[in-house]
Amino acid sequence: MAERPPIIYLRGYAGPPSGVDKQVDDPFYGLNSGATHIRVGGEGTPRFYQFEGPLLRLMSDEGYQLLVRGDQHAHLQSQADGAVAPKSIWVHRFYDYAASTFGTSVTTVPEEFDLEKAAERLYDFVQLVRRKTGAPKVHLVAHSMGGLLARCMIQKVSHTADPRTGEPRRPGSELVDKLFTYGTPHGGIAFDLGGGLVDWAMETFGPNGSDIFAPERMYAYLTPGASNGDDPPPGWRPNEIPAGAFDARRVFCVVGTNAADYGLVEKAVGPQSDGLVHIDNAYVRNAHRAFVHRSHSGRYGLVNSEEGYQNLRRFLFGNYQVRADIRGLDLPEQPSGESRVWQAEVRLAVRGLPTVMHEQRAAHYCPIQLNQEAAQHGSAEGNTGGVPLTTAFLLDPVNVRGGREDRLTLRSRYTLVLRVFHLVEKSGRFFWEDHLEQVPDWEDTLIVDVGRRSLYEETGSQAWAAWNSGVPGSIDDTDPIAAEPCRMVEDGEGLHTEIPMPEVVRPILGSESRLRLTVSRFS
Numbered sequence: 001m002a003e004r005p006p007i008i009y010l011r012g013y014a015g016p017p018s019g020v021d022k023q024v025d026d027p028f029y030g031l032n033s034g035a036t037h038i039r040v041g042g043e044g045t046p047r048f049y050q051f052e053g054p055l056l057r058l059m060s061d062e063g064y065q066l067l068v069r070g071d072q073h074a075h076l077q078s079q080a081d082g083a084v085a086p087k088s089i090w091v092h093r094f095y096d097y098a099a100s101t102f103g104t105s106v107t108t109v110p111e112e113f114d115l116e117k118a119a120e121r122l123y124d125f126v127q128l129v130r131r132k133t134g135a136p137k138v139h140l141v142a143h144s145m146g147g148l149l150a151r152c153m154i155q156k157v158s159h160t161a162d163p164r165t166g167e168p169r170r171p172g173s174e175l176v177d178k179l180f181t182y183g184t185p186h187g188g189i190a191f192d193l194g195g196g197l198v199d200w201a202m203e204t205f206g207p208n209g210s211d212i213f214a215p216e217r218m219y220a221y222l223t224p225g226a227s228n229g230d231d232p233p234p235g236w237r238p239n240e241i242p243a244g245a246f247d248a249r250r251v252f253c254v255v256g257t258n259a260a261d262y263g264l265v266e267k268a269v270g271p272q273s274d275g276l277v278h279i280d281n282a283y284v285r286n287a288h289r290a291f292v293h294r295s296h297s298g299r300y301g302l303v304n305s306e307e308g309y310q311n312l313r314r315f316l317f318g319n320y321q322v323r324a325d326i327r328g329l330d331l332p333e334q335p336s337g338e339s340r341v342w343q344a345e346v347r348l349a350v351r352g353l354p355t356v357m358h359e360q361r362a363a364h365y366c367p368i369q370l371n372q373e374a375a376q377h378g379s380a381e382g383n384t385g386g387v388p389l390t391t392a393f394l395l396d397p398v399n400v401r402g403g404r405e406d407r408l409t410l411r412s413r414y415t416l417v418l419r420v421f422h423l424v425e426k427s428g429r430f431f432w433e434d435h436l437e438q439v440p441d442w443e444d445t446l447i448v449d450v451g452r453r454s455l456y457e458e459t460g461s462q463a464w465a466a467w468n469s470g471v472p473g474s475i476d477d478t479d480p481i482a483a484e485p486c487r488m489v490e491d492g493e494g495l496h497t498e499i500p501m502p503e504v505v506r507p508i509l510g511s512e513s514r515l516r517l518t519v520s521r522f523s
C-alpha cells in the first residue's frame, strides 16, 4: 500500500486584528479543540460525550505524526529533503503574519490579511511539505474560509507564474490529492443586516472583512488573471471548480444544518444554515457532501464533532465508494385543483458510531425535494435515471476494529433510513387541513452488511441487504442481514446491485422503483 499523504490543515476566518491576535494563541488553530457536548434524542437534549478532536483521532486511529519542535515551519526547513515521514499533520499558520503579538519574530510589521497572499504562502508551504516528506501530493483539510484559501491556491495561484522568478508554478491538481472542507462558504455569504446585527458584523468581520465572501470578490481570487473590481462573466458561479483546475470528485464538503446553536448571526443568515453559511452555499457542485446537524463553530461546531471526523476519515482513507440512488421514480399524478409536494428524508448511520454520518430532514430545512429531482433526472420513459440519496466511503472493518477477529471485524453494517412525506399546495399556499405533522406516508430502513461471511472463506468482500420491515425479530440477531449476498452487476461506473422498494411504497414511488447501490474503487 502506498504511503499515506501528509495532511495540511487550514483554519477559518479570524476577523479583524483583535480576532487575529486571539486566534494565533492556539498552537493548532482549532484542529485540536475537541468537544464534550452532543445533542441526542428527539428533543436534541445536550449530553456529555468526549470527542478528542480531529488531531488526536488522526494520530490514534491512523497513526499520523505531529511534528512541532517549537515551530513546525522551522522544523520542516531544517530537515533534509525526503527525511520527514509523509504520514504527518501540519497546520498552515497563515494568520501569524497579521498578528501583533509576536514582536518581529514572524514579520517585521503585522500585515493586513490578504487571502491571495495567504494562498501564495500556502502554495510554498505545500511545496515545502512535499519536498521534505517526498510525498507526491498532500491532503488539504479546511474549515470555513480556509476552504476558499485552498481553492484560491488550487484554482488561481498554482496557475499563475511566480512573481519572484517569473517561472510557471505546478498546477494544484498535481500537488493536492483530496480537499475536505467543513462549513466553507463555497457559494459566498449573504447577510440581511439590521439593528444590533450591524454591530455584530463590524466586530466579527471588520469594516471590509465580509467582502471576502461576496461573489464579485470571490471571482477575483478564484480566477487566473482576474483582479479586484472585475465583473464575473454571465453564468459564473463561485461554487464551481473548473474541470481543468481540479476534479470535484476529489472534494468532500461537510454541510452544517444547526443554525440555532451558533448565536446572533443566525438571525442574519436564516435557519437554513449552520448559523453563518447557507446550506446551498456550503458545497462545491459535483463534489461529495454530507449534511450534519452541527453549527458553524463553537460548542456544537463542525470541526469539533464526531460526525465531521468520521466523514473526514472515510473520505481520506476509504477504499471504496458506495452511491445510493432511487431508480424508476414515478410519482403519482397531481390531483385536480391541488399540487402535491413530495419530500424524502434520509439518514445514514454506521454500526459502532454514536452519531449519524449524514441526515437530510425537513426539521433541519434540507429534505430531498422529490418533485424537483424527478424533473431534473427524468428520462424519455418518464422515470428518473437516478435520484441521488447519499454517498458513503467504506473503511476496512479490520482497521476500524483494531485488528480484532470477530463478526464485527468481518462485516461493517450501514443503515439508510428513508421517510417519504407529501404536502398539499392550493392557490400557491400549503393546505394544512388534512396534514399530520411528522407522520410520513412511508418509512423504512435499508440495512446493508459489507465484508466476508466467515473468517475461513476466501471469497473477498460481499454485500447483504434487506429492508428492516422484512427482517423478523431484532436486527442485531441477524448478521449478515440476508441469507444470500447481493448479486453485483458490472457496468461503466463499477459494480451495482438493485434492491426493489417495498411493495407498500410503490404506489407512491412507482411500480418499478428500486434503490441502486453502486460500488467503485476509491483511493
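Counting in the UniProt record's numbering, the sequence shown runs from 1 upward without gaps.
Glycine residues also receive a C-beta, built at the ideal position from the N, C-alpha and C atoms.
Through-space distance from residue j to residue i, alpha-carbon basis
i: T184; j: I241; result: 14 Å
i: D26; j: V141; result: 17 Å
i: G127; j: D61; result: Checking the sequence, you will find Gln at residue 127 rather than Gly. Rounded to the nearest angstrom, the two C-alpha atoms are 27 Å apart.
i: G492; j: P163; result: 44 Å
i: D81; j: Y97; result: 26 Å
i: R487; j: T497; result: 6 Å
i: R453; j: I326; result: 27 Å
i: A248; j: R285; result: 7 Å
i: V519; j: N311; result: 17 Å
i: D177; j: P17; result: 33 Å
i: R151; j: A220; result: 12 Å
i: V356; j: V138; result: 28 Å
i: L348; j: R314; result: 14 Å
i: R516; j: K132; result: 44 Å
i: F48; j: D274; result: 22 Å
i: D211; j: G235; result: 21 Å
Spatial neighbours of residue i in its chain, beta-carbon cut-off 7 Å, leaving aside the 5 residues before and after
i: G188; result: F213, A214, P215, M218, P238, N281
i: E345; result: Q360, R361, A362, P367, R419
i: V91; result: Y9, F28, Y29, L31, Q72
i: G318; result: F393, L394, L395, F522
i: R514; result: R327, G328, E498, I499, P500, M501
i: S469; result: D444, P502
i: R121; result: F94
Beta carbon proximity, residue i to chain C, threshold 8 Å
i: R69; result: No chain C is part of this structure, which consists of one protein chain only.
DSSP three-state assignment for residue i, whether helix, strand or coil
i: Q321; result: strand
i: A290; result: strand
i: D449; result: strand
i: Q369; result: strand
i: C486; result: coil
i: F213; result: helix
i: Y95; result: helix
i: D444; result: strand
i: K178; result: strand
Counted within 10 angstroms of its Cβ, other Cβ atoms place residue i as buried (16 or more) or exposed
i: L148; result: buried
i: K22; result: exposed
i: R299; result: exposed
i: Q77; result: exposed
i: D449; result: buried
i: F252; result: buried
i: S227; result: exposed
i: A74; result: exposed
i: E490; result: exposed
i: T165; result: exposed
i: A390; result: For the record, residue 390 in the displayed sequence is Thr; it is not Ala. That one is buried.
i: A35; result: buried
i: S297; result: buried
i: D510; result: First, the residue type needs correcting, since residue 510 is Gly and not Asp in the sequence shown. Looking at its Cβ environment, which holds 16 or more other Cβ atoms inside 10 Å, G510 is buried.
Beta-carbon proximity list for residue i, same chain, < 6 Å, skipping 5 on both sides
i: E381; result: The pLDDT assigned to E381 is 46, lower than 50, so where the model puts this residue is not dependable, and the model offers no usable value.
i: T257; result: F291, H293, H364, C366
i: G146; result: L10, R11, G12
i: W464; result: D449, P480, I481, A482, P485
i: A161; result: P168
Cβ neighbours of residue i in the same chain (closer than 8 Å, five flanking residues each side left out)
i: H159; result: R169, P171, G172, P224, A245
i: E111; result: Y97, A98, K117
i: V471; result: I447, T478, I481
Presumed contact (8 Å Cβ cut-off) between residue i and residue j, rounded CB distance
i: Y182; j: G63; result: Their Cβ separation, rounded to whole angstroms, is 23 Å, which puts Y182 and G63 out of contact at 8 Å.
i: V269; j: L302; result: About 15 Å separates the two Cβ atoms, so there is no contact after all.
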